[in-house]
Every structure is written in structure tokens, then in C-alpha cells.
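Asks: Starting off with a structure, shown below.
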Amino acid sequence: MSSSTERGRSESANSRRTPTPPPVDDTPLAAFFAQFAAFSFKENQSSNKNFDRLVKVLRIDAKDLQAREVREGFKDALVQEFNTRFGTDGNDISSWQNLCRVLRIDPVPDSIEACRQCVWDTHVNLVDLVDSARTGKPVKLFASLGELTAYTLQQKPKKFFPKENAYQGGLLKELLREIINPYFGKRRNGSAKRKERKRKQKAARAAAGGD
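Position 26 of the sequence shown, counting from 1, maps to 10 under my numbering, and the rest follow consecutively.
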């Protein structure tokens, strides 16, 4: 077999393993913001900052029904953007391996269980993760859950990812489940340890964010 044929097959296999990002204009977030004629979506700006600018452009009160509807639409688009960028099947190894690459896990594991563990051991803001797929900028990683929580709460506007949404796929549900209910061990006795576990779980939920 010629080397050019082997190279062609190798490139074809690699293209199947790594999803091709859709054009920015075709993504759920871009489509959401395109509904508002007076607003200009900045693809290199974070999703949350784009939404914050949208609210100011529309001049709507946060307590108004219109504001709630716009926010729910934004949440739907954010979740659908994750699905478009990373997939929905929690049992698809190519999706997990793609996440590993985005999170700079090297070497990328060759089994789903190993990929899951590596991804779960990595602390990252999910809004940043979605945005990095659009902007091409490396996603910010954190050394601990505490650092991630502090970062999430300090951002203006805060970078909360929807915890529950009708559009969540299996892959996203697994990530959110691990963030909101991390494993802290079962062998805990006494009120002090229970309080510590609750404190950590509260911090985890804060890192996952908002409504």
C-alpha cells in the first residue's frame, strides 16, 4: 500500500474522531442573539458578557416577564451550544476524548472510564468550556474546586451554567452530576465530618451555578 493511501486513510480516521466545529453563525448561541436586531453578537467575547450587553441594549428590568423569557432563552442556547460543540452521548468515547483534548489532558485515555475520571478530576467553568470551543482560546483550568468556586462567583456577570434544562444531553448531565454531587467518600462519622461534607457540596453547587 502506498504511503499516500495510508496517509489519506489516517487523516480520514482522525476527521471522524474529532468533530468539525460548526460555523459560528450556525451555532445556537449565535442564533439566539441574532433574534435581536439592535444587538451585535461578539464571538470573541464570553457568552455571559454578550448576554449582559443584550440586557442593557434591550433596557429591560430584571424582574419583568420579558427579562425572564430572554434569560430562559439564553440558558437554552447555552446548553444547546454545549451539545453542538461536545455531543450529547455520555457513552460515546470520541466525545469524552474530545473533552480531554480541550482540557489539555495528555495523553488522552483510550477508554471511556479513564476519560471520565480524568475529566472529573479537572476543575473548569462550564461557561468557559463552551466559550473556548467558539473562540479557540485555551480554557482556564483550576487547581481545586475552591479556586473554581471563587472564580465563578467573582466574575461580573457571574459565570453560572444552567443546572437543569430540558435540552441537556447525557454527556452534559454526567458532567453536571459530578460537579454538583462530587464524591467525598462514604466513611465519614460525626457531625464535624458531615458539616465538612455539606460545606464542600455547597461549594460544588455554587461552582455549577445558579438556577
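Ideal Cβ positions, reconstructed from N, Cα and C, are used throughout, including at glycine.
(1) Val103: buried (16+ other C-beta within 10 angstroms of its C-beta) or exposed?
(2) Going by DSSP in three states, Val92 sits in which element: helix, strand or coil?
(3) Note down, one range per segment and in chain order, each alpha helix (DSSP H) of at least 4 residues found wholly within the stretch 96 to 140.
(4) Between the C-alpha atoms of Lys124 and Val108, what's the straight-line distance to the nearest angstrom?
(5) Determine contact between the stretch 14 to 34 and the stretch 68 to 79, defined as no fewer than three beta-carbon pairs at a distance below 8 Å.
(6) Note down the Cα distance separating Gly154 from Leu110, rounded to an integer number of angstroms.
(7) Closest to Thr11 by CA distance: which of Leu113, Ala127 and Gln64 is it?
(8) Under three-state DSSP, which class holds Gly154?
(9) Kindly indicate the opening and closing residues of the alpha helix (DSSP H) around Asn34.
(10) Tell me whether Gln81 sits in a helix, a strand or coil according to DSSP, three-state version.
Replies: Let me lay it out:
(1) buried
(2) coil
(3) 96 to 104, 110 to 119 and 129 to 138
(4) 7 Å
(5) no
(6) 15 Å
(7) Gln64
(8) helix
(9) Ser31 to Leu42
(10) helix
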